[in-house]
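Just add 137 to the spot in the sequence shown (first one is 1) and you have our numbering.
Idealized CB from N, CA, C, for every residue including glycine.
Keep in mind that this is a model prediction, so the values were computed, not measured.
Presented below is the structure to which this report refers.
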Amino acid sequence: MTAGTGHRRAAEALAQAAAERFPQATIECLDVLHLAPAWFRTGYNWSYLFLVRHVSGIWRVSYRLLDGWPLYHLLQPLRRWWNLLIVQRFVERLRVEPPDIVLVTHFLPADVCGAGRQAGWLRCPLVVVVTDLHPHRFWLSAPRDALVVSTPQSAQVAIRRGVEQGKIRVLGIPIGKAFGSSIDRRALQQRFQLQPGRQTILVTSGGTTVGQFEEVVEALIALEASLPGRLQLLVVCGEDERTRSRLLTRAGHSPMPVQVFGFVEFMADLMAVSDLIVSKAGGLTVSESLGRGVPLVLYHIIPGQEQLNARYVSAHGAGIIARRPGEVARAVAACIMEPARLETMRRAAHQISHPQAAARIMAEVVEPLVSHG
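Structural data, given as structure tokens:
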């Protein structure tokens, strides 16, 4: 799904792992929104971004109410009817070209495929891969053969909400193979022309520049006054070209080395050369950072799923929650001035990471289901 890039990145990671595990198989990675009407695609993205940018309180309340049993139970029949109506082309695709197994990384196709299992027009195994650290009820609405979650706490939530324990696997959120591979850090530092005497801070918008992204970058640049010669920034703006253009201009007058990127395919390399990542708390970005063993400073946390992601990372000592630009700068400065603290956070990040999640899902979930199917 394309409201944020996380769900798609997870699906691509699974497709990559499937191609390696099953080289003779035909593997297709579908974005369900591409099979929905154009007005719905536009409205889906626009409405989500509008809510989290301008009326995040409404999003917070909606997330909590729909995660509760009474309202969910009341609205789920209508929600399923609407989902099936909107993605009729996706349903037809599954009917005409029935697959041997389906893996979903978003709750909308999970619900649609679950409806197919109940109605009998989808007969193959269904694997639901939750791409947040908390499984909202929307993820759990469908009959499925396996539910993949990222933490033991998520598994307990799913069990309390009626998912059979034998169908739950705690394997993590799937991330690209590059995020868990070994690297030549010095070669990458030379590639990005990084100064060896400075520590590298990666600042990422998480795909959409929601929140005080530019203000956060400005606050970090201002640290040059109190930490002269200590820091350098790598800034990733995603697909927001206007923000990228403004920050490129700012970087040209910065007392601190600042490199500005738009959408990149080499995020794993940028993370590999970074000592600390400043980011939103999206499930995929968090998982990729942890996979690289890089601690996080999490800012502009969207209520609901991102809030729960951030709390988990913070509770396990792998990140710091900083709600305002000034807090972000202070958190970064504290980590830089306390190397022992930063090293402790690195170890914590490694301990809760799942860099091989995609490969393990193929080996421990998909292969048994296909072979017994």
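Fill in: Beta-carbon spacing of residue 506, residue 248 below 8 Å
No, the pair does not count as a contact, with Cβ atoms beyond the cut-off.
Fill in: Residues near residue 208 in its chain [Cβ-Cβ closer than 8 Å; skip 5 each side]
Once the five neighbours on either side are set aside, the close Cβ partners of residue 208 are 202.
Discussion item. Taking the beta carbon of residue 289 as the centre, do at least 16 other beta carbons fall within 10 Å, making it buried, or is it exposed?
Written reply: Result: exposed.
Discussion item. Please state the DSSP three-state secondary structure of residue 341.
Written reply: strand
Worksheet item: Any idea what DSSP makes of residue 159, helix, strand or coil?
Response: coil
Worksheet entry | Pairwise C-alpha distance: residue 252 and residue 271 | 23 Å
Worksheet entry | Per DSSP, the bridge partner or partners of residue 435 | In the DSSP output, where bridge partners are listed per residue, residue 435 has 416 and 458.
Practice prompt. Under 8 Å by Cβ, that's how I've got residue 291 and residue 309 pegged, so tell me the actual separation to the nearest angstrom.
Written response: About 10 Å; that fails the 8 Å criterion.
Item to complete: In angstroms with no decimal places, state the Cα-to-Cα distance between residue 231 and residue 263.
Response: 12 Å
Item to complete: Assign residue 434 to one of two classes, buried (16 or more other C-beta atoms within 10 Å of its C-beta) or exposed (fewer than that).
Response: buried
Fill in: Euclidean distance between Cα positions of residue 241 and residue 250
Here the alpha carbons of residue 250 and residue 241 stand approximately 9 Å from one another.
Worksheet item: Assuming residue 317 contacts residue 428 under a Cβ cut-off of 8 Å, what Cβ separation, rounded to an integer in Å, is found between them?
Response: The pair is a contact, with the Cβ atoms about 5 Å apart (cut-off 8 Å).
Fill in: Runs of beta strand (DSSP E) wholly within the region 318–394 (minimum 3 residues, chain order)
336–341 and 368–373
Worksheet item: Which two residues bound the contiguous beta strand (DSSP E) that contains residue 167?
Response: Where residue 167 is concerned, there is no enclosing beta strand (DSSP E), given that its DSSP letter is neither H nor E.
Discussion item. Can you list, in chain order, the residues of its chain with a C-beta nearer than 6 Å to that of residue 439? Leave out the 5 residues immediately preceding and following it.
Written reply: 189
Worksheet item: Can you give the beta carbon distance from residue 306 to residue 277, rounded, assuming they're within the 8 Å contact cut?
Response: The pair is not a contact, with the Cβ atoms about 14 Å apart (cut-off 8 Å).
Fill in: Those residues which DSSP pairs with residue 285 across a bridge
Beta-bridge pairing links residue 285 to 266 and 306.
Worksheet entry | Sequence-distant residues of its chain with Cβ nearer than 7 Å to residue 500 (five each side left out) | Here the set comprises 158.
Worksheet item: Buried or exposed: where does residue 138 fall if 16 or more other Cβ atoms within 10 Å of its Cβ makes it buried?
Response: With a pLDDT of 38 at residue 138, under the threshold of 50, the predicted position of this residue should be treated as unreliable, though the coordinate-derived value follows. It is buried - the Cβ of residue 138 has at least 16 other Cβ atoms within 10 Å.
Worksheet item: Are residue 495 and residue 150 closer than 8 Å when you measure CB to CB?
Response: yes
Worksheet item: In whole angstroms, what separates the C-alpha of residue 488 from that of residue 453?
Response: Whole-angstrom Cα-Cα distance: 9 Å.
Discussion item. Between residue 455 and residue 485, how many whole angstroms is the CB-CB distance? I'm expecting something under 8 Å.
Written reply: In this structure residue 455 touches residue 485 by the C-beta definition: roughly 4 Å separates them, less than 8 Å.
Fill in: the region 354–366 touching the region 384–404, judged by at least three CB pairs closer than 8 Å
Result yes; three or more Cβ-Cβ pairs closer than 8 Å.
Worksheet item: Which whole-angstrom value describes the C-beta separation of residue 325 and residue 473, a residue pair presumed to lie in contact below a C-beta threshold of 8 Å?
Response: Contact flag wrong, Cβ pair sits at about 20 Å.
Worksheet item: Is residue 497 helix, strand or coil by DSSP?
Response: helix
Practice prompt. For residue 223, collect the residues of the same chain with a Cβ closer than 8 Å to its Cβ; drop the 5 residues on either side in sequence, then sort them by chain order.
Written response: 173, 174 and 177
Worksheet item: Going by DSSP, what residues sit across from residue 177 in a beta bridge?
Response: None, per the DSSP bridge assignment.
Discussion item. For residue 197 and residue 441, what's the separation of their Cα atoms in angstroms?
Written reply: Those two C-alpha atoms are separated by around 6 Å.
Discussion item. Looking at the secondary structure, which residues open and close the alpha helix (DSSP H) in which residue 506 lies?
Written reply: 504–509
Worksheet item: Out of curiosity, what's the CA-to-CA distance linking residue 498 and residue 211?
Response: 33 Å
Worksheet item: Going by other Cβ atoms of all chains shown within 10 Å of its Cβ, with 16 needed for buried, is residue 313 buried or exposed?
Response: buried
Fill in: Those residues which DSSP pairs with residue 397 across a bridge
372
Practice prompt. Measure the C-alpha to C-alpha separation of residue 465 and residue 417 and round it to an integer number of angstroms.
Written response: 12 Å
Practice prompt. With DSSP as the reference, label residue 240 as helix, strand or coil.
Written response: strand
Practice prompt. Put residue 279 into one of helix, strand or coil per three-state DSSP.
Written response: coil
Discussion item. Taking the alpha carbon of residue 320 as the reference point, which residue from 164, 405 and 143 has its own alpha carbon closest?
Written reply: 405
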